[in-house]
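Encoded as structure tokens, the structure appears first; notes follow it.
Residue numbers (the working numbering), protein chains in the order written: chain A, 923 to 1038; chain B, 323 to 437.
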């Protein structure tokens, strides 16, 4: 079955630094990938997504890189701020197309702590 | 943006009782909703897919008689944890698919503690 994992369970950075969070996936047929941010006691918040026909996508202060050859994606956060402190999950749909994209397999999560 | 709410936000119950958790899409219709469970310091695990007007589909290992799901309208799905036990204590999170953007929106979660 599908599995999604993260290399580093915790990441501690100084305010203003750039942060990189990594994720590995196992299903080479996966065609859609999502990053979520979860603050303590809250539901996941969508950050950015990328489809398999792309290898890079940028948002506001965030960039997702996808390397399909090694089945790896990363989330880069530029100029990390204390408000970025949270748990970050990558997620991959269990199915393909339509609402099947809502059935997600989540990675184990990385705890990002930003020190002022 | 699309908003999903859950009620209650937290609940404490005695072992053996049943607890109902509501998930509502506030400003859009959701034909499909999903229920996840998250234990402390762990990831989210998909429990079931809730389809409006039809039976829910459960992920492998999730007891359908234990976790009753009803999706009676396009804006409401309920999860009932029957005969709850301490091991059912968890953070239950729903998501709703729709809103015209082909994506899903997560609720704020419900913290269940079974004594």
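Backbone N, C-alpha and C define an ideal beta-carbon position, used for all residues, glycine too.
Tell me the DSSP secondary structure of residue i in three-state form.
| i | result |
| --- | --- |
| residue 420 of chain B | strand |
| residue 923 of chain A | Confidence at residue 923 of chain A is low in this model, with a pLDDT of 43, below 50, so the placement of that residue should be treated as unreliable; the coordinate-derived value is given next. Of the three classes helix, strand and coil, the one that applies to residue 923 of chain A here is coil, per DSSP. |
| residue 1022 of chain A | helix |
| residue 408 of chain B | helix |
| residue 1015 of chain A | strand |
| residue 971 of chain A | strand |
| residue 1034 of chain A | strand |
Just mark residue i as buried or exposed, buried being the case when its beta carbon has 16 or more other beta carbons within 10 Å.
| i | result |
| --- | --- |
| residue 1037 of chain A | exposed |
| residue 349 of chain B | exposed |
| residue 378 of chain B | buried |
| residue 383 of chain B | exposed |
| residue 951 of chain A | exposed |
For my contact list, residue i and residue j are in at a C-beta cut-off of 8 Å; report their separation, rounded to the angstrom.
| i | j | result |
| --- | --- | --- |
| residue 1027 of chain A | residue 1013 of chain A | 7 Å |
| residue 998 of chain A | residue 984 of chain A | 7 Å |
| residue 391 of chain B | residue 401 of chain B | 6 Å |
Apart from the five residues on each side of it in sequence, which residues of its chain come closer than 6 Å, Cβ to Cβ, to residue i?
| i | result |
| --- | --- |
| residue 329 of chain B | 344 |
| residue 430 of chain B | 328 |
| residue 972 of chain A | 955, 979, 986, 988 |
| residue 942 of chain A | 996, 998 |
Just reading off the beta strand (DSSP E) that residue i is part of, what are its end residues?
| i | result |
| --- | --- |
| residue 315 of chain B | It is not possible to answer for residue 315 of chain B, since the shown part of chain B is limited to 323 through 437. |
| residue 959 of chain A | 954-960 |
| residue 437 of chain B | Counting along the chain, residue 437 of chain B falls outside any beta strand (DSSP E), and DSSP gives it neither H nor E. |
Enumerate in chain order the residues of its own chain whose CB-to-CB distance from residue i is below 8 Å, with the five nearest sequence positions on each side excluded.
| i | result |
| --- | --- |
| residue 981 of chain A | 969, 970 |
| residue 408 of chain B | 337, 436, 437 |
Among the residues of its own chain, which have a CB less than 7 Å from the CB of residue i, if the five just before and after it don't count?
| i | result |
| --- | --- |
| residue 1025 of chain A | 1015, 1016, 1017 |
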